[in-house]
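Numbering (my numbering), first residue to last: 174 to 377.
Structure, as structure tokens:
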Amino acid sequence: MSRKQVWWLVWLAMLVAAGPAHAHSPVPGIEGFYIGLLHPFSTPSQALLMIGLGLLVGSFDVDRARWHLGAFLAVTFIGILAGGGFEALDATMFAAAFLAGALAALVPGKLLPITIVLVIVAGFQIGAASIPDPGPTRDRVITMTGSMVGANVGLVYILGTVLFVRERYPWRWVEIALRVMAAWLGAISLLMFALRFARVDESF
């Protein structure tokens with residue numbers, strides 16, 4: 174049997190063995206606190222927003238970054254208490270991610286009052302989108318606690334990585350690379366935001 178025939182047999186076996194696809198399903202074996210821990214990165218809008226905030230806050234020095242982290246911690250808690258529908262927040266999180274990417278690309282480390290306001294708005298959105306489905310109060314509190322920890326620790330890790338790269342490699346091209354990354358993130362977020370309002374042609 175030739176190598177080409179073997180590959181065709183392997184491909185056919187994989188095709189036959191394939192199961193149904195799920196667009197968005199819970200992670201098997203993960204629940205409670207841990208599903209909440211992953212929640213701030215579980216959808217494109219939240220993941221882009223978290224990374225955009227990390228790039229934005231990471232463009233400041235450590236002393237100014239602490240103001241952003243403190244504001245984010247407070248408003249994620251307020252957002253969780255306020256609650257909100259994820260569908261309504263999805264588009265606004267893309268918009269906030271675009272602004273974070275744009276500021277990190279165009280004016281990194283500047284406009285402190287504006288960036289703090291953006292972090293406050295984004296943190297509230299992340300918190301409000303972290304409300305689990307109705308169920309026992311204890312289980313919901315555990316899941317929301319996981320979301321609170323996941324959002325804040327996640328931002329600290331992204332921010333810490335950006336600060337480490339900037340301090341460890343103080344070369345001009347590294348700063349440019351971070352700004353290019355932020356610009357790409359902003360462009361992707363803007364495109365996703367626009368798609369939320371695009372009209373679908375149902376004539377086909």
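Cβ coordinates follow ideal geometry from the N, Cα and C atoms, glycine included.
Among the options, the one whose alpha carbon lies nearest that of residue i
{"i": "A278", "options": "F370, L363, S232, A244", "result": "S232"}
{"i": "S303", "options": "E340, L351, M321", "result": "M321"}
{"i": "R237", "options": "A355, G209, L332, F370", "result": "L332"}
{"i": "L209", "options": "L328, R313, M223", "result": "According to the sequence provided, residue 209 is Gly. The question's Leu does not apply to it. When each option's Cα is compared against that of G209, the closest is R313."}
{"i": "P217", "options": "F250, F267, I251, G256", "result": "F267"}
Nearest-angstrom beta carbon gap, residue j and residue i [assumed within contact, 8 Å]
{"i": "L221", "j": "L358", "result": "6 Å"}
{"i": "G274", "j": "G225", "result": "5 Å"}
{"i": "L285", "j": "A269", "result": "In fact, because the Cβ distance is near 17 Å, the residues do not count as touching under 8 Å."}
{"i": "R369", "j": "A264", "result": "4 Å"}
Exposed unless 16 or more other CB atoms sit within 10 angstroms - verdict on residue i
{"i": "G323", "result": "buried"}
{"i": "N326", "result": "The question names Asn, yet the displayed sequence has Val at residue 326. Answer is exposed; the Cβ neighbour count stays below 16."}
{"i": "F271", "result": "buried"}
{"i": "V235", "result": "exposed"}
{"i": "A371", "result": "exposed"}
{"i": "L364", "result": "exposed"}
{"i": "F366", "result": "buried"}
{"i": "V335", "result": "buried"}
{"i": "F245", "result": "buried"}
{"i": "T310", "result": "exposed"}
{"i": "P199", "result": "Residue confidence for P199 is low, a pLDDT of 48 falling below 50, so the modelled location carries little weight; the figure read from the coordinates is stated next. When all chains shown are included, P199 counts as exposed."}
{"i": "V248", "result": "buried"}
{"i": "A355", "result": "buried"}
{"i": "A295", "result": "buried"}
{"i": "I349", "result": "exposed"}
Own chain residues within Cβ distance below 8 Å of residue i, not counting five before or after
{"i": "I287", "result": "L276"}
{"i": "I253", "result": "G300, A301, S303, I304, M317, S320, M321"}
{"i": "L351", "result": "L228, G231, S232, A277, P281, V335, V338, R339"}
{"i": "V347", "result": "V338, R339"}
{"i": "G256", "result": "A301, I304"}
{"i": "L328", "result": "M223, L226, G227, V230, L242, F245"}
{"i": "Q219", "result": "H212, P213, M266, I299, A302"}
{"i": "V353", "result": "A278"}
Beta-carbon proximity list for residue i, same chain, < 7 Å, skipping 5 on both sides
{"i": "K361", "result": "One point to set straight first is that residue 361 is Ile, not Lys, in the sequence displayed. The residues are L221."}
{"i": "L240", "result": "The sequence given here has Trp at residue 240, not Leu. Counting only Cβ-Cβ distances below 7 Å, and skipping sequence neighbours, we find I289."}
{"i": "I251", "result": "F297, G300"}
{"i": "L262", "result": "Q298, A301, A302"}
{"i": "V293", "result": "Looking at the sequence itself, residue 293 is Ile, so the reference to Val does not match. Cβ neighbours of I293 beyond the five flanking positions: A244, V248."}
{"i": "G283", "result": "Before going on, a small fix: residue 283 reads as Lys here, not Gly. Excluding sequence neighbours, K283 sits near nothing in its chain."}
Neighbourhood of residue i by C-beta, 6 Å cutoff - its chain only, sequence neighbours within 5 removed
{"i": "R466", "result": "The shown model of the chain, from 174 to 377, leaves out residue 466, and the question about it has no answer."}
{"i": "I315", "result": "G205, F206"}
{"i": "W344", "result": "none"}
Check: residue i C-beta below 6 Å from any heavy atom of the ligand HEM
{"i": "P213", "result": "Ligands are entirely absent from the displayed structure, and the ligand HEM is therefore not among its contents."}
Check your understanding: Looking at C-beta atoms only, is the number of pairs between the segment 212-220 and the segment 290-309 that lie closer than 8 Å three or more?
Key -> Touching, yes.
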